[in-house]
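Position one of the sequence shown corresponds to residue 0 (numbering that gives the first Met the number 0), numbered consecutively onward.
Ideal placement from N, C-alpha and C gives every residue a C-beta, glycine not left out.
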Amino acid sequence: MVISGSKVEVLLRILEKFTLAEVMEIEEKLDEQYIVLKELFSKIELPRIFLALVVLNAISSYQLNCKGEDYWREFSEYFSRISSKVLEVETADELLMLFKEFLINSKCNKRLLRQKLRRVIKLRRLIARVLEEPEPYLKNPLHLTQELARSLETSANAKTVVFAVKMFCYASRISLNVKPDSALLSQIDIPLDSRILKISKSLGVKEAREFWRKISRRTGIPPLHLDSLLWIGYRLAKENKLTGIEKFDELVVFLKEC
């Protein structure tokens, strides 16, 4: 695949201006999902339980009946309210029970409930390992990708799998100040959700995963971090908002046309 076309070239020039450190700063300041996770951890303050909860919510975060940002706020507020129960959790079964209660009562996640509950159960062993020893997953996000795909019986580049890895990386930064190796992270695909697919279509892209892999290689920004820039920028573009961060606002203005 050749990266070409005037809109693609403009986007590439904009993205090439960002360093990875700047992208991560934007995530921490502007990604509502990152912000509400930080609020939740201030109530829980147990990294292993926090990491496991975030994985469970991420693999359930699809076919929502509200915006993704609203769903993650609902998740954060719910578990903040019951933080005393969360702090008493000792086993994967206990944590799964709490999470299933959340899913059943969620206002934002009513669709395909039985399917999502089955997916939660499939992750029991993985969640037990995260609770017992999260270090292998912290050091190597590819390991988490493979384990999620195996547990859920799906592909390693499935949208909810790679999204769960992204959110796990957010959670590891928040709770343990651990940032995965960018070379390893670069091997994980962008989650192809509705926003990314709309942007890809507006650029005339047919093979979206391969396109964003090439953009990642050209810019030096791992696909999961590209996802953050595009996801936040697209939301702000539709809300007609700017941030005062010059290079990011340039991206927001570009995305208004997508």
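Inset, instruction - Count the other C-beta atoms from every protein chain shown that fall within 10 angstroms of the C-beta of M96, then say buried if there are 16 or more, exposed otherwise. - result: Residue environment analysis places M96 among the exposed positions, since fewer than 16 neighbouring C-beta atoms fall within 10 angstroms of its C-beta.
Inset, instruction - Measure from the alpha carbon of K272 to the alpha carbon of each residue in E87, F253 and L112, then state which is nearest. - result: The structure shown does not extend to residue 272, since the chain is modelled only from 0 through 257, so no value can be given for it.
Legend entry - Closest by C-alpha distance to I187, when choosing among P135, H224, V204 and K197: H224
Inset, instruction - Grab me the residues of K84's own chain with a C-beta within less than 8 Å of its C-beta, minus the 5 sequence neighbours each way, in chain order. - result: L97
Inset, instruction - Output yes or no for whether 8 Å exceeds the beta carbon distance between K121 and L151. - result: yes
Inset, instruction - Work out the CA separation of N176 and H142 for me, nearest whole Å. - result: 19 Å
Legend entry - Alpha carbon of P190 to alpha carbon of E89, nearest angstrom: Roughly 32 Å separates the two Cα atoms.
Inset, instruction - Kindly indicate the opening and closing residues of the alpha helix (DSSP H) around Q114. - result: Per DSSP, Q114 belongs to the alpha helix (DSSP H) from L112 to K121.
Inset, instruction - Out of A51, N104, A57 and L63, point me to the one whose CA is closest to L137's CA. - result: The option with the nearest alpha carbon to L137 is A51.
Inset, instruction - Report whether the distance from the Cβ of Q32 to the nearest heavy atom of the ligand FAD is below 7 Å. - result: Ligands are entirely absent from the displayed structure, and the ligand FAD is therefore not among its contents.
Legend entry - CB of K109 within 8 Å of CB of N64, strictly: yes
Inset, instruction - Inspect the CB distances between the region 14 to 25 and the region 125 to 140 and report whether three or more fall short of 8 Å. - result: The region 14 to 25 vs the region 125 to 140: no contact.
Inset, instruction - Tell me whether Q186 sits in a helix, a strand or coil according to DSSP, three-state version. - result: Reduced to three states, the DSSP call for Q186 is coil.
Inset, instruction - Can you grab the Cα-Cα spacing for the pair S82 / F167, in whole Å? - result: Going by C-alpha positions, S82 is about 19 Å away from F167.
Legend entry - For S174 and E15, the rounded distance between their alpha carbons: Put simply, the backbone Cα of E15 is about 30 Å away from that of S174.
Inset, instruction - Can you tell me which of the three DSSP states L11 falls into? - result: helix
Legend entry - Contact set for E249: own chain, Cβ-Cβ below 6 Å, skip 5 residues either direction: I13
Legend entry - With 16 other Cβ atoms within 10 Å as the buried cut-off, status of S193: exposed
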